[in-house]
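Here's the structure we're looking at; comments come further down.
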Amino acid sequence: MTTMAFALLLVVLAATVRAQLLPASSLPGSGLGPTTGEWVRGKATHYGPFPSYPPFSEIGYQANDVGVGCSNGQPGGDPRWNAILAQGTVPNPVMNSTVWPVVPTVAVSEAAWGFGNKNRICFQTVRIRNARNTSLELTAHVVDFCPAAGCLWKAEERHRNVDLYGETTFRRLGGVDGVIEIEVVWPAGLVPYANAAVHRMAGCWRLLLLLSPLCACCAV
């Protein structure tokens, strides 16, 4: 291989490595570094029980922590989830099997806040307020995830959005139907897409291992 071709290979390799090592906050639509207690603009949707308009209702949480993405699945229930239920539940007239805590709960994006962040964000609390009427505010527990495959939020919004569980919580924040413009204070120190950064680092090392024999041959 000529010296010019070898130099071109090194340029391509360097550019690829640089792309792999970009920080997680540079991912498309991320734009959020380690959280530090500021209000971050986002959107709130709703899921689970919605008695006043049954077509909006979904099965939601079930007995034995089924549907609670943050549950550790231990027999008798995750003690963190049990502590939430101990503060009371609301009967759901639309679907009797649905477990509806009185305490506000939310789902967050699995793509942005799951995987590497899951054990850090699960059962943490987030402050949420209506962006257009900041007097409407509540604190909710993160107990579930909008799945990485199939979540309907736009990719650039996933790390900023929440899914409010149940009609009561949605109404408390001024929701009527559809979406609420909100602001959220996320748990301090978390970085969205943390798992993606780990995977890209691993990809970088795999690329170096694959190309190292070729580079060695070229250098001879």
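Here my numbering is used: the sequence shown runs in plain steps of one and ends on residue 732. All residues carry an ideal CB built from backbone N, CA and C; glycine is no exception.
Per DSSP, the unbroken alpha helix (DSSP H) holding residue 633 starts and ends at 630 to 633. In the DSSP assignment, residue 601 falls outside any beta strand (DSSP E) and carries neither an H nor an E. Closest by C-alpha distance to residue 629, out of 705, 651, 609, is 705. If you draw a straight line from the Cα of residue 585 to the Cα of residue 690, it is about 32 Å long. In the DSSP annotation of this structure, residue 550 is not part of any beta strand (DSSP E), being labelled neither H nor E.
The Cβ atoms of residue 589 and residue 576 lie closer than 9 Å to each other. Burial of residue 583 is indicated by the presence of at least 16 other C-beta atoms within 10 angstroms of its C-beta. In this structure, residue 606 sits away from residue 697, with a CB-CB distance that is not shorter than 9 Å. Taking a C-beta distance under 9 Å as the contact criterion, residue 674 and residue 596 do not qualify as a contact pair.
Here residue 624 is buried: its Cβ has 16 or more other Cβ atoms, across all protein chains shown, within 10 Å.
Across the structure, residue 672 and residue 616 are spaced so that their CA atoms are roughly 18 Å apart.
Within a 10 Å sphere around the beta-carbon of residue 641 sit 16 or more other beta-carbons, which makes this residue buried. Rounded to whole angstroms, residue 570 and residue 682 show a C-alpha spacing of 14 Å. If you ignore the 5 residues before and after residue 685, its C-beta comes within less than 6 Å of the C-beta of 642, 648, 692, all in its own chain and listed in chain order. Beyond the five residues adjoining it in sequence on each side, residue 663 comes within less than 8 Å, by CB distance, of 621, 622, 623, 670 in the same chain, given in chain order.
Residue 667 sits in a helix when the DSSP states are folded into three classes.
Taking a 10 Å sphere around the C-beta of residue 659, we find fewer than 16 other C-beta atoms and assign the residue as exposed. Annotated three-state conformation of residue 641 is strand, per DSSP. Counting only residues of its own chain and dropping the five nearest sequence neighbours on each side, residue 572 has a CB closer than 8 Å to the CB of 559, 560, 561, 579, 604, 607, 610, 611, 612, 677, 678. From the listed residues 549, 634, 554, the smallest Cα separation to residue 665 is found for 554. With fewer than 16 other CB atoms across the displayed protein chains lying within 10 angstroms of its CB, residue 688 is exposed. Here DSSP, grouped into helix, strand and coil, assigns residue 661 to coil.
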